[in-house]
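For reference, the structure discussed in these notes is given below.
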Amino acid sequence: MLFASFGQLESKSYYVNDKNIIVVGADGASYEVESKDLMKDHWNYSCFKTETIPIAPPARYNKSKNHQKIKIEANTTSDGSSTFFQLDGFEKQLEKREALLRQKENNIKKTIEVQIAEEHKHLKDEYDAFKSRLESEYNNCMVDMKQKTYSFKHQLESQHNSRSAELEKQYKSHISALNKANAIKDKEIGKLSSTISQLKNEKRDIKKTTKSVYKDLEDIIFTKDLKIIALNDRVIFSNSSAGRNGTIEPNTFISFHDAEYWTRKREDAKNSTLSGCRLIIDLILTRCRLIVDSTLPNVDLTLSCYRLIINPAFSFFMT
2 MLFASFGQLE SKSYYVNDKN IIVVGADGAS YEVESKDLMK DHWNYSCFKT ETIPIAPPAR
62 YNKSKNHQKI KIEANTTSDG SSTFFQLDGF EKQLEKREAL LRQKENNIKK TIEVQIAEEH
122 KHLKDEYDAF KSRLESEYNN CMVDMKQKTY SFKHQLESQH NSRSAELEKQ YKSHISALNK
182 ANAIKDKEIG KLSSTISQLK NEKRDIKKTT KSVYKDLEDI IFTKDLKIIA LNDRVIFSNS
242 SAGRNGTIEP NTFISFHDAE YWTRKREDAK NSTLSGCRLI IDLILTRCRL IVDSTLPNVD
302 LTLSCYRLII NPAFSFFMT
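My numbering applies: residue 2 is where the sequence shown begins, and numbers increase by one.
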């Protein structure tokens, strides 16, 4: 047997079944309730479903044929009047119970609606408070993020400006140093150009002087040779027994062999003289190159070298 839910007994159709009374509900199901239980306050909570009637429920008993049948049977039987009065009292009691149940149902419905409204209001208040808190946190977060972004941007700009100023200062310092170095180099290049030009002029003068010295040396050597030969001839002429010096070329040659011998000696002496002059010139030019390479505009040193190399030859051959 199944327990009937609250408010399931809404019909007022009744059937007498010896000891028990069958009540037909609005859903077409019949419920068996003992007569003594109907007088209790909790009769509507102790209903049990016994059987289901597939046909439509009958109308209210005071308008149905069964009601007339019950009244006829009550008039013909000895205990019919008491049963009829019981049913009539039971009907009134059911109407009161039904009105009370409806009132309770309305009260419960109102209570539930009030509770739902309060819960809805409470949830709405919580939602509004949570939404307000989230909006406040979001706004605070946005403000904080904007402040941090501005601070970080300002810091980056400050670092960039400081670094740019430092780089610009270093760049200007390097440019100034390079300009000064270029100015110094330009001065040195000017000095070197002047020195090179001066050395070229000195080289040209030295070359010209060397040629002149070489010619003078040849003339001196030739004059000394002639003088030695003449003196030797005089010695031989004045003292024939002395004999000829083999190191002095005679004026006349006795044989072809002597002529060839002295010709070869003359060529050797000439080559030796040329080699000495070339050695002097090479020494002077080497010194000039050293002066140019070492960027020493020392003109007096070159002239002193020239005097040391050339003048001894002059003094030797002029004596």
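Glycine residues also receive a C-beta, built at the ideal position from the N, C-alpha and C atoms.
To the nearest angstrom, report how far apart residue i and residue j are at their CA atoms.
i, j, result
"F86", "K105", "28 Å"
"D217", "K204", "19 Å"
"Q160", "A166", "10 Å"
"S177", "K192", "23 Å"
"L102", "G90", "18 Å"
"H175", "H155", "30 Å"
"A260", "I197", "51 Å"
"A182", "I190", "12 Å"
"R267", "I207", "28 Å"
"P298", "V214", "With a pLDDT of only 46 at P298, under the threshold of 50, the placement of this residue in the model should not be trusted, and no figure is reported."
"Y16", "E99", "Confidence in Y16 is poor, its pLDDT being 43 and thus under 50, which makes the residue's placement unreliable; the coordinate value appears in the next sentence. If you take the alpha carbons of Y16 and E99, they lie about 19 Å apart."
"D269", "K186", "52 Å"
"T264", "K209", "30 Å"
"D226", "S194", "47 Å"
"L200", "T211", "15 Å"
"E136", "L124", "18 Å"
"S133", "T150", "25 Å"
"F238", "Y262", "23 Å"
"I22", "I109", "Its pLDDT being 49, under 50, I22 is placed unreliably by the model, and nothing is read from it."
"N107", "K97", "15 Å"
"E158", "Q148", "15 Å"
"M146", "A130", "24 Å"
"D220", "R235", "22 Å"
"D126", "E120", "10 Å"
"E169", "L179", "15 Å"
"K122", "V115", "10 Å"
"A231", "F223", "12 Å"
"Y139", "A118", "30 Å"
"S163", "N141", "32 Å"
"Q94", "S83", "16 Å"
"K1", "N202", "Within the shown structure, residues of the chain are numbered from 2 to 320, placing residue 1 beyond reach of any answer."
"K111", "Y128", "25 Å"
"M143", "F153", "15 Å"
"I229", "H258", "22 Å"
Does the beta-carbon of residue i, which I'm using as the reference point, lie nearer than 7 Å to any heavy atom of the ligand MN?
i, result
"Y215", "Of ligands this structure carries none, so the ligand MN is not represented either."
Ordered list of beta strand (DSSP E) runs contained in the region 93–135, each at least 3 residues: none
Continuous alpha helix (DSSP H) assignments of at least 4 residues falling wholly in the region 165–198: none
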